[in-house]
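According to the working numbering, the stretch in the sequence shown is residues 25 to 179, in order.
Below is one structure, written out as structure tokens; comments come after it.
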Amino acid sequence: MDQNVLLKMVDITKTFPGVKALDKVSLEVKAGTVHALMGENGAGKSTTIKMLCGLASATSGDATLLGYSILTSGNEIKKFIAVSPQETAIATNLTTYENLVLICKIHGYSAIKTQNKVEEMLKTFSLEGVKYLAAEGKLFSKENMMHNYPHCWRC
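Structure below.
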């Protein structure tokens with residue numbers, strides 16, 4: 025593999041019943057470059073990201089991130105990536121604790137590692153007081169979080 029290639033997609037296809045979301049998409053992203061996925065609604069942008077993150081599988085084709093195949097090395101890939109969606113990154117129907125557990129499960133953590141990581145995050149971001157509160161409403165609005173938990177927003 026060319027060490028400068030961070031992402032390589034080869035003939036990625038994704039079909040859903042009655043819909044071909046992606047049709048033999050190929051792409052190569054090299055180190056030091058910036059790319060954006062742009063297109064109309066339904067063009068396959070979210071589907072592409074979901075496949076690269078291991079949240080959806082390709083119907084055919086393959087992609088490699090940092091040399092790891094999305095078909096065979098999803099857990100390895102998850103160690104190196106983070107995705108921040110346009111929408112809120114939390115499920116508003118879940119509690120703070122449940123949201124943290126969900127993210128750990130997405131990353132394939134064991135039960136004990138999940139428990140330790142959740143407790144670490146609750147403590148690190150001073151969220152113990154809202155551990156069992158649902159994220160609905162203004163509790164997790166950006167403004168509320170920045171006011172009540174300013175250390176969460178430091179770079």
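Just so it is clear, CB atoms sit at the ideal spot from N, CA and C, and this is done for glycine as well.
### Query
What span of residues does the beta strand (DSSP E) with L31 cover, start to end?
Along the sequence shown, read from residue 1 onward, the residue named residue 31 stands at position 7. It spans 29 to 40 - the beta strand (DSSP E) in which L31 sits, taken as one unbroken run.
### Message
According to DSSP, is W177 part of a helix, a strand, or is it coil?
### Response
Counting from 1 along the sequence shown, the entry for residue 177 is found at position 153. For W177, the predicted structure reports a pLDDT of 41, less than 50, and the residue's modelled location is therefore unreliable. A value from the coordinates is still provided. The answer is helix: DSSP assigns W177 an H, G or I state.
### Coarse secondary structure for A158, derived from DSSP in three states
Here residue 158 is taken as the residue at index 134 of the sequence shown, counted from 1. Strand, per DSSP.
### Message
K32 and T72 - do their beta-carbons sit closer together than 8 Å?
### Response
Translated into the one-based positions of the sequence shown, residue 72 becomes position 48. Translated into the one-based positions of the sequence shown, residue 32 becomes position 8. Not closer than 8 Å, so no.
### Query
Should Q27 go down as buried or exposed, given a rule of 16 or more other Cβ atoms within 10 Å for buried?
On the sequence shown, position 3 is the one that residue 27 refers to. Classification of Q27: exposed, given that the 10 Å Cβ count is below 16.
### DSSP three-state assignment for S70, whether helix, strand or coil
To locate residue 70, count along the sequence shown from 1; it is residue 46. S70: helix per DSSP, three-state reduction.
### Task
Please name the residue, chosen from L124, Y133, K129, I130, that lies closest to E152 on a Cα-to-Cα basis.
By one-based count along the sequence shown, residue 152 stands at place 128. Of the candidates L124, Y133, K129, I130, the one whose C-alpha sits nearest the C-alpha of E152 is L124.
### Task
Note down the Cα distance separating N140 from L118, rounded to an integer number of angstroms.
Taking the sequence shown and counting its residues from 1, the one referred to as residue 140 is at position 116. Taking the sequence shown and counting its residues from 1, the one referred to as residue 118 is at position 94. Looking at the two C-alpha atoms, the distance is approximately 19 Å.
### Query
Do K38 and M62 have their C-beta atoms within less than 8 Å of each other?
Along the sequence shown, read from residue 1 onward, the residue named residue 38 stands at position 14. Along the sequence shown, read from residue 1 onward, the residue named residue 62 stands at position 38. No; because the gap between Cβ atoms is not below 8 Å, this pair is not in contact.
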